[in-house]
Every structure is written in C-alpha cells, then in structure tokens.
Amino acid sequence: MTQKTGIFMIVTRFAPSPTGYLHIGGARTALFNWLLARKRGGKFLLRIEDTDTKRNTPTAAQQVMDDMRWLGIDWDEGPDIGGPNGPYKQSDRRDIYDRYIQQLIDEQKAYYCFDTPEELADMRVAAEKEKRNNIYPRPDMFPDAAVVEKARAEGKPVTVRLAITQTEPIVIQDEVRGTISIDPAELSDFIIQKSDGFPTYHMAVVIDDELMGVTHIIRGQEHLLNTHNHQLLQKALGFRIPIYAHMSVTVSESGGKLSKRERPKMLKKAIKAMGKVDKDAMAKAGGVTPEELETFLKGKTAPDMPAVDAMAAYMGVHLPEINIVDFFRSGYLPETLVNFLALLGWNPGDGREIMTRDELIEAFDLSRINKSNSLFDRQKLTAFNTEYIKLLPPETRLRHFRAYLEEIGSPVAAADDELLGRIIRINEGARTLEQIEQKTRFAFVPDDEIEYDSKAVKKVLLKGDGFAMLRAVGDALATLDELTPEAIETLLRSLAEEKQVGLGKIAQPLRVAICGNTVSPPIFDTVDILGMNTVLKRIENTLTKFQQEKD
RNA sequence: GGCCCCAUCGUCUAGAGGCCUAGGACACCGGGUUUUCAACCCGGCGACAGGGGUUCGAGUCCCCUUGGGGCUACCA
Numbered sequence: 003m004t005q006k007t008g009i010f011m012i013v014t015r016f017a018p019s020p021t022g023y024l025h026i027g028g029a030r031t032a033l034f035n036w037l038l039a040r041k042r043g044g045k046f047l048l049r050i051e052d053t054d055t056k057r058n059t060p061t062a063a064q065q066v067m068d069d070m071r072w073l074g075i076d077w078d079e080g081p082d083i084g085g086p087n088g089p090y091k092q093s094d095r096r097d098i099y100d101r102y103i104q105q106l107i108d109e110q111k112a113y114y115c116f117d118t119p120e121e122l123a124d125m126r127v128a129a130e131k132e133k134r135n136n137i138y139p140r141p142d143m144f145p146d147a148a149v150v151e152k153a154r155a156e157g158k159p160v161t162v163r164l165a166i167t168q169t170e171p172i173v174i175q176d177e178v179r180g181t182i183s184i185d186p187a188e189l190s191d192f193i194i195q196k197s198d199g200f201p202t203y204h205m206a207v208v209i210d211d212e213l214m215g216v217t218h219i220i221r222g223q224e225h226l227l228n229t230h231n232h233q234l235l236q237k238a239l240g241f242r243i244p245i246y247a248h249m250s251v252t253v254s255e256s257g258g259k260l261s262k263r264e265r266p267k268m269l270k271k272a273i274k275a276m277g278k279v280d281k282d283a284m285a286k287a288g289g290v291t292p293e294e295l296e297t298f299l300k301g302k303t304a305p306d307m308p309a310v311d312a313m314a315a316y317m318g319v320h321l322p323e324i325n326i327v328d329f330f331r332s333g334y335l336p337e338t339l340v341n342f343l344a345l346l347g348w349n350p351g352d353g354r355e356i357m358t359r360d361e362l363i364e365a366f367d368l369s370r371i372n373k374s375n376s377l378f379d380r381q382k383l384t385a386f387n388t389e390y391i392k393l394l395p396p397e398t399r400l401r402h403f404r405a406y407l408e409e410i411g412s413p414v415a416a417a418d419d420e421l422l423g424r425i426i427r428i429n430e431g432a433r434t435l436e437q438i439e440q441k442t443r444f445a446f447v448p449d450d451e452i453e454y455d456s457k458a459v460k461k462v463l464l465k466g467d468g469f470a471m472l473r474a475v476g477d478a479l480a481t482l483d484e485l486t487p488e489a490i491e492t493l494l495r496s497l498a499e500e501k502q503v504g505l506g507k508i509a510q511p512l513r514v515a516i517c518g519n520t521v522s523p524p525i526f527d528t529v530d531i532l533g534m535n536t537v538l539k540r541i542e543n544t545l546t547k548f549q550q551e552k553d
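The opening position of the first sequence corresponds to residue 3 in my numbering, with each subsequent residue numbered one higher.
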C-alpha cells in the first residue's frame, strides 16, 4: 500500500513576529516544523509576521534569522532568500490581503465597523460585569460604501470584521489533541482588518499559509482556539485546510508560560532583595534615566533587553536564559539546545535522549508529540551540555568556543587554534563554555594582574607550610630543562615523595600562585601552558606579595 | 466568570487493558576514584492526584471532583 503520489509535498513554516530576540519557545516551534519538513523530504519556510507596526523592532527579523542559523535550522524559502511564493514579509503583502478582504466584503461575509477603542473597552467591561462572553453585536444591515466614506471623512476608525454565520459546531482535527469542537455561539465576529489598514494576524496567517502551500502547521497550544476562527476564514475564502498539531506550552520554574518577561522580572526581584543599591549608577550602566529605572521598579513597564542585561551584569546577577542568544552567551552549544528542545514535548519512544541532528530527523513524528505542558529544566539542559562538550568533534567544539569567546570579548580569544583545542581537551567535564573560559582566563592576563582569591590565599598559602612548599616548588621547577606535562608530573611527584606529603600539598600552593585560585585545569597542563618563565615569575610575584602577610 | 486543553517519581518522560513487583534520564542522597573544580564508576531514595464506574483484569477506557495551563485585543 505504498502509494507515492509524488505531487504531495509537505510544506511547514515558522512565522515569528519581529518583536525581539528568538526565544526558547519560538525556537522549539521552529525546530518541530523544521524536523517534520526534513523528515518527510518537504520544504520549510520562514515568514516574518510584522502586521503590528507598533510592536515591531527594526533589528528583530535579522536577529531571529541569526539565531536560527546558529541553531542550524535552515529554511528553503524566506525573506532573505526569496522563493516562488514571496514576498515572505507580511508588510510587503498588503495588496494581497486587501484583495481577499474586499472579496469577503463583496460577498457579504465581512463588514465594516467604526467603533472607537473606548467604545470597545466599554463593551468588554460590560460583558465582564454581566458575566457573559464579549460577543460583538453584528448589525442587521452591513454598512455600504457611502457610509464608510462618511465615517472616514469624520475621522472614525474603520475596521472590518468577519461575520460568523455558521450555527453547527465548528470542528477541528488536531494531530496531537484529536477532535475539538466548539459552539460558534461562543465566538465573536472578529476583526480581520485593523483601522491602520493592516490585516490582523488571523487574516494574514490564513491567506499566507494557503498561498505558500503550507500543509502542516505545528504551533503552540495558545493557538488552539484561534484555529476555529482560522477554519471559518478558510471556508469563507474557499481555502484548503492544513493539518494542525498544537504542542503543549513550556512553563518556567516560576509557573506560567516561559516568557521573555522572565528576565526583567528576575532583575527587579534581585534589585529589591539587595536592598540598598546605587540606583543612579545602575541606571547609568543600563543606559536608562533614573526616572525610567524608577518606573520599572514600581510598575509593569520594562526597559529593553540590552538595558536589562547591562544592569544585571552591573549587579552581577545571573538572569534565567530565555532567548537563544542568552544561552549562547552562557556557554551552551547549539547542538545541546536542539537536542534538548526536541525532547520537550516529544520523544523517540525507545529511551534514547542524546541524539544527533540526523537521528532526530529520522525519529521525528507528529504522533509522538505529547499533550501535557512541560517545565523547562535547566539542570538537565546543563547535563546535556556537559555531554555535548565531550561528544562533539574537536573542530566543532573549537568553532563554537571561538565564537563564544569573541561574543563575550574574552582575552582567551588570543589563543591560536592549537592552544584553544588543548584548553578544551584539558577541561573535559566542564558544563559550559563559560566554565572553560573562567577556568582558563588567568593564563591570558599579564603576570602582575592576576586576581588572587583571598580565601584561597589564606587557606593554601598563609596557613600551614604552603608558603615554604611553594618556594621549594619554584626552586625545583627552575632546574627542569624539558618542559612537558609528563616531566612536570615526574618532578612534582618526586618532590612530594621527598617532602613526605601528598601531591595536593604541592599542587595547591602552586595553583594559587599561578592562577590566583584553587580551581584550575589539571596542574601539569596548566604549568606547561603558561610556560616556565611565566610560572617562575608568578611564583616569585606571589612570594613577594604575600611575604609580609605571612610574617 | 465563560470556553478549551492537560494530569505517571522533585523534573523530562516510557507505558496505546494482562508483558508493571511501573522502566529510563536529570536532580537528590550514600560510597568509590582523585593534584583543585568538574567529570567518571557503583549503590540508594523516589510516582500512576482523589472518588466512582466499565471489565475476569485499569496507570492504560468512561464520568465526577481537585489541581495546572491556555484563550477570552484594532498582539501574534
């Protein structure tokens, strides 16, 4: 029963609105659609839904595309590369929407309205007070062209609504949720064209999906009830009905939908928890006025993301990663995110978890998407990242690490490929690229600019005989003529034996002297990487610097 | 409030009526390894929300309760 028609090509899409960075939920939606298209040998489209002129931000579309590329989610048609059914930006498709809206009006399936925002708000309040649904009162007679002309001349807002005349239940088929039917009496005639002339989301999405030949739509559960409206529109316009799959929502640790509001929220909480903070300095760090900061702390409005990030950095608080770039900057790998995201609400059914991109594509299927909401578990994400740092081919790790170092402006970026590769290798077991960077940074700062951790200095050098041990280590190292990790190991081990102490007694003072901290990559590699001159210099510096405190 | 969706360890989940004494992964706890932090190895703790049905038999099907989530915009 294998009937390959050949003409039935799957088409999926991701249709973000350019209001900010690509966030984790959007990335998951994009990934599922991409996975389905790749699995079935179909096409995956990218479309920018910028019909809300007030919310659009100019760089967002570019940023979203950059983030998708970083994740390795590529598209076959899109705003930047075009395609047979373009343009792929809704603001460039106004004339198309106008035609269909006019068609609905001509067929008496839609009608003009002239309500002001205040009037609509009153209706909403009244409905709420009377505990009934807010159903728009459809006029018996639809306004004709003359009336519209007059309203426009008077400066009234002009919108268009779809007349919902169906009385039988509206039934949608959902691939993950089955049959969901709803009584049209629950539905209100909704706006399909706004007073600024732009179509609403509902109108634009239905038209574009039809014209672009989209066959499968995977999206969040928040669109489940919209689907009935979309089906009404599809019927009114004589369109095909695509296959829908509504995935569960990803919720955050604090409950509720995982949203970009999470970061400003956490920042506010941190500021309040700290009590006294220099607000002027913080406002300055974030590039906002003290007044703006004050409004943020009191009210609901939040400054934009770069300002939030800058203030968090200033205060040294770690905000939960929400946007894809946040994860990049925290040292996560794209492979980790793709794998982890795929497993949020889907699984291959055979217990596999760590899976390559190809394995994910191979195993992906709509029937295995589950229905219940899932919580975004950062600890498990980190465990995946640890795994991927170990698993990835050296070239790939190197590429990711270099990109990360350049993004955060780390001094470690000065290392050449060979050194960087070695740094990754000796840090195997690290959970994020950030950890590798932090553990290696000391090697790339000038010898006299090492930051000594006071607790480490006290514990390892000042207390006990750490100081004397360090001197002995310095003397011993100075005699070494062959510099390899093995030679260093042999030397230090025999020194430990001679002194009748464990290797730790030798290694820790040395570590603090050359790194400033008790935490570093394995000591023999660390010495080797720094080179003998630097090591001896730092030992010397350390002895001099803390000599007085010792006495 | 109305409408809709969902419900297995702390978390992500396996489970499509007997294979379940409910399996795996992360987290957690205990132990081991060890030059630090990790990583690694071994072991352990730990769940079918509650109540009714249906059935020879229910985590699996139905109903109710409870709990969670979504929508209810000239946002998408």
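The beta-carbon is built from N, C-alpha and C at its ideal position, and this holds for glycine as well.
Delimiting residues of the alpha helix (DSSP H) encompassing Val207: Secondary structure note for Val207: its alpha helix (DSSP H) is the uninterrupted segment 203-213.
Contact set for Lys278: own chain, Cβ-Cβ below 6 angstroms, skip 5 residues either direction: none
Leu343 vs Arg30 beta-carbon contact at 8 angstroms: yes
Val13 (DSSP reduced to helix, strand or coil): strand
Alpha-carbon spacing of Leu554 relative to Asp450, whole angstroms: Outside the displayed range of the chain (3 to 553) lies residue 554, so it cannot be described from this structure.
Separation of Ala272 from Val319, as counted between CA atoms: 7 angstroms
Short Cβ contact (8 angstroms threshold) for Ile245 with Glu323: Not closer than 8 angstroms, so no.
Within the region 118-164, ranges of the alpha helix (DSSP H) (whole runs, at least 4 residues): Counting only runs of 4+ residues, the alpha helix (DSSP H) found wholly inside the region 118-164 occupies 119-131, 147-155, in chain order.
Integer-rounded CB distance, given that Glu408 should sit under 8 angstroms from Ala415: Between Glu408 and Ala415 the Cβ distance is about 6 angstroms, and since that is below 8 angstroms, they are a contact.
Beta strand (DSSP E) segment containing Met249, residue limits: 245-249
Cβ pair count under 8 angstroms reaching 3, the region 363-372 against the region 34-42: A contact exists between the region 363-372 and the region 34-42.
Inter-stretch contact at 8 angstroms, needing at least 3 Cβ pairs: the region 159-169 / the region 185-201: yes
CA nearest to the CA of Leu213, picked from Gly222, Phe241, His230: Phe241
The region 214-224 / the region 102-112 touching (three or more Cβ pairs under 8 angstroms): Flag = no, the region 214-224 and the region 102-112 do not touch.
Exposure label - Thr7; buried when at least 16 CB within 10 Å: Caution applies to Thr7, whose pLDDT of 47 falls short of 50 and renders its modelled position unreliable; the value that the coordinates give is listed next. That one is exposed.
DSSP three-state assignment for Pro231, whether helix, strand or coil: The sequence given here has Asn at residue 231, not Pro. DSSP places Asn231 in helix when its eight states are reduced to three.
CA-to-CA distance, Phe446 to Lys286, given in whole angstroms: One C-alpha to the other measures close to 30 angstroms.
Residues near Met307 in its chain [Cβ-Cβ closer than 8 angstroms; skip 5 each side]: Gly22, Tyr23, Lys262, Arg265, Asn325
Reference Glu151, options Val127, Gln175, Tyr114, closest by Cα: Tyr114
Alpha carbon of Leu400 to alpha carbon of Ile426, nearest angstrom: 8 angstroms
Span of the beta strand (DSSP E) around Lys45: 45-48
Reduced DSSP secondary structure (H/G/I, E/B, other) of Thr21: coil
Neighbourhood of Arg331 by C-beta distance below 7 angstroms, restricted to the same chain and skipping five residues each side: Glu409, Ile410
Under the three-state DSSP convention, the category Asp52 falls into: Correct three-state label for Asp52: coil.
Ser456, buried or exposed, once every other Cβ within 10 Å from all chains shown has been counted against 16: A residue is called buried when at least 16 other Cβ atoms come within 10 angstroms of its Cβ; Ser456 does not meet this threshold and is exposed.
Helix, strand or coil at Thr7 [DSSP, three-state]: Low confidence applies here, because Thr7 scores a pLDDT of 47, under 50, leaving its location unreliable and the question unanswered by this model.
Check whether Lys158 and Phe116 have beta carbons under 8 angstroms apart: yes
Pairwise C-alpha distance: Glu491 and Lys300: 59 angstroms
Contacting residues, own chain, Cβ-Cβ under 7 angstroms from Gln5 (five flanking each side not counted): Bear in mind that the predicted position of Gln5 carries a pLDDT of just 40, short of 50, making it too unreliable to give a figure here.
Cβ pair Arg495, Leu505 closer than 8 angstroms: yes
Per-residue burial, Met11 [other beta carbons within 10 Å of its own, 16 or more giving buried]: exposed
Local conformation of Asp68 per DSSP, three classes: helix
Per-residue DSSP class, three states only, for Val173: strand
Segment limits, alpha helix (DSSP H) that includes Ala344: 336-344
Heavy atom of the ligand GDP within 7 angstroms of Lys460 beta-carbon: Within the structure as shown, the ligand GDP is missing, as the structure has no ligands at all.
From Asn87, Thr161, Leu47, Ala283, residue whose alpha carbon lies closest to that of Ile75: For Ile75, the closest of Asn87, Thr161, Leu47, Ala283 by C-alpha to C-alpha distance is Leu47.
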